[in-house]
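Remarks on the structure that follows.
Residue numbers (the working numbering): 14 to 162.
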């Protein structure tokens, strides 16, 4: 993949990840998070502060990693199928463990974790699909290796 195509893919997927983050955590789950602001969650009433900059940096790291993986991973199927597989891989190594660790360590309600995991799965699938469609990588031929003794 060319440098320009890689940059366009990262940029597009990053923008989508930011939109999903705002919609999911800023609107859809805002009422669920409200009781925890100022205790488990930072209170941004006086302004977001420097720590809020870590949120887009985290999304940029996640998206950049997925774009890098997508260029090196041999996934079979159409671009849509490969994008959905990539999104599932991203969710399995990114969001799913993160939210389960938080749930194990902090007193989040069961219903909130289920919502977070489900919404983040949809987000990851959409991001993986976007990466596959924007990158326009052709399907790779998977060549079986012969075992030698």
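No residue lacks a Cβ here, since even glycine has one placed at the ideal position from N, Cα and C.
By the neighbour-count criterion, in which 16 or more other beta carbons inside 10 Å mark a residue as buried, residue 88 falls on the buried side. Out of 139, 111, 14 and 109, the CA that lies nearest to the CA of residue 95 is found in 139. Restricting attention to 53, 73, 18 and 23, the CA atom closest to the CA of residue 119 is found in 53.
Boundaries for residue 119: no alpha helix (DSSP H) harbours it, and the DSSP string shows neither H nor E there.
Pairwise C-beta distances place the region 76 to 91 out of contact with the region 120 to 130, as fewer than three of them are shorter than 8 angstroms. Distance from residue 145 to residue 92 at the Cβ level is roughly 5 angstroms; contact confirmed, criterion being Cβ atoms closer than 8 angstroms.
For the alpha helix (DSSP H) assignment, the uninterrupted runs of no fewer than 4 residues enclosed by the region 61 to 148 are, from N- to C-terminal side, 67 to 85, 92 to 106, 108 to 118 and 123 to 148.
Put simply, of 14, 20, 29 and 36 the residue whose alpha carbon is nearest the alpha carbon of residue 141 is 29. Annotated three-state conformation of residue 53 is coil, per DSSP. With a contact defined as Cβ atoms closer than 8 angstroms, residue 26 and residue 76 qualify at about 4 angstroms. A Cβ-Cβ contact shorter than 8 angstroms links residue 99 with residue 79.
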